[in-house]
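Under our numbering, think of the first position of the sequence shown as 502, with each following residue one higher.
Where is the CB? At the ideal position from N, CA and C, for every residue including glycine.
As structure tokens, the structure follows; a few thoughts come after it.
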Amino acid sequence: LRVGGGRAGPTAVDRILSLAVPWSTGVAERSYLAVGVTEERSCIMATTPLRSQNSQTAGRMKKDESFLGKLGGTLVRKKKAKEVSDLQEEGKNAINAPLSPTPTDIHPEDTMLEENEERTMIEPYSKEEAKFKELVKVLIDWINDVLVEERIIVKTLEEDLYDGQVLQKLLEKLANRKLNVAEVTQSEIGQKQKLQTVLESVNGLLRPQGWAIKWSVDSIHTKNMVAILHLLVALAMHFRAPIRLPEHVSVQVVVVRKREGILQTSHVTEEFTSTTEMMMGRFERDAFDTLFDHAPDKLSVVKKSLITFVNKHLNKLNLEVTELETQFADGVYLVLLMGLLEDYFVPLYNFYLTPESFEQKAHNVAFSFELMQDGGLKKPKARPEDIVNLDLKSTLRVLYNLFTKYKHVE
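Written out as structure tokens, the structure reads:
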């Protein structure tokens, strides 16, 4: 509306929003007061002109009520005006929002940063990649296996690890020591204190081994998936977890920083795993790396030669190998083979003749490695867990070392 010609008409947003808010509270109030005054005058004309003390008191009460009514009306009008202003602003934002580009899906709490603080978020499409999903699943299964006696079941890493409870139990189990922390903490301060204690213990174990510390109390507590994965991969590698992590897992990460009050974003590639050899610190490549990478067609020839070698000795016990990948995985044939090659009997109480669990199989393989070192061989590069996990390259390395030393033994 245009009033007196000096004020421009309402905007499009004003017209839309006016439908939801009363135009003028004052008009209604003035109408109400006018009716009250008319009724009051009618009452005076119909009564005697003598004015008693009661009528004077009533007059003052009506005057006071009229004043309070006007004051209340003023406050109501101010409140309504603020509501109209807020609603108009919300409407303008709703209209203009679709015009603003939003290249990155930033979570609300990720925008509440202090100056020079930064947060990292994994791009949604990276979370859908097969290797990333496999890494997450392998780590979850590993944690659940370790904590099976605690009756703890982890379903999602972000939601189940952020408060420090599961990390505490995991570290206590892996390191075989008790941490001096409260068992149950509900408050945010208590959770962060527990995380502080747990991560100090973790960092004390990993930092001397050359691990880069890519996690913190705040990053874990804010459910930062990048920090959580770096922490779990480091723990799995340090404690030689009996799992096989997928190789070359990396994701695209959005880094949000606050500089001079302005949020700045950048994109980086975050690598969680490389090759198994690199992760385990075995940087030197050998003939089997070359064989697998460049001459896979010759792999069958090497396998045939090694099968012939081991059967030459195992046949003495009426045993025969046809599959290198699986038949050495429980460690029994490795232990018996070492006894045959070194010409001694291995007491049956030193190993499990019919192993059932993963731990029993790993024990057998580790025991065979000790026998190899006793025979003058270097400690195998492979881990016992690699053999149990049916890693062909690791199995071939172990058997090839035996072949090199004992190929002339009858």
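Simplified DSSP assignment, three categories, for Glu-761: coil
Backbone CA spacing between Trp-643 and Leu-900 [nearest angstrom]: 28 angstroms
For Ser-751: DSSP bridge partner residues: Glu-772
Buried or exposed by the 16-neighbour rule on C-beta atoms within 10 Å, applied to His-768: exposed
Helix, strand or coil at Arg-745 [DSSP, three-state]: coil
For Glu-619, the first and last residue of its enclosing beta strand (DSSP E): 619-623
The stretch 667-687 contacting the stretch 698-707, beta-carbon criterion three pairs below 8 angstroms: yes
Simplified DSSP state of Val-682, which is helix, strand or coil: coil
Thr-823 - DSSP class collapsed to helix/strand/coil: coil
Helix, strand or coil at Val-637 [DSSP, three-state]: helix
Option nearest Tyr-853 by Cα separation, candidates Ile-623, Gly-832 and Phe-870: Gly-832
8 angstroms Cβ shell around Leu-671 - same chain, five flanking residues per side excluded: Ile-644, Val-647, Leu-648 and Leu-736
For Glu-766, the three-state DSSP class (helix, strand or coil): Strictly speaking, residue 766 in this sequence is Thr, with Glu absent from that position. It is a strand residue.
Inter-residue Cα distance where the pair is Leu-818 and Phe-846: 12 angstroms
Rounded C-alpha distance that separates Pro-599 from Arg-758: Only weak support is given to the placement of Pro-599: the predicted model assigns it a pLDDT of 40, under 50, and the question is left unresolved by the model.
Distance between beta carbons of Phe-633 and Val-752, contact taken as under 8 angstroms: 6 angstroms
Cβ neighbours of Leu-733 in the same chain (closer than 6 angstroms, five flanking residues each side left out): Leu-640
Exposed unless 16 or more other CB atoms sit within 10 angstroms - verdict on Pro-743: buried
Residue from Tyr-626, Met-726, His-731 and Glu-624 whose Cα sits closest to the Cα of Lys-715: His-731
Proximity winner among Tyr-907, Val-655 and Leu-668, relative to Leu-807 (alpha-carbon distances): Tyr-907
When Glu-615, Glu-911 and Val-910 are compared against Gly-762, the one with the closest alpha-carbon: Glu-615
Whether Asn-865 touches Val-822 by CB criterion (8 angstroms): no
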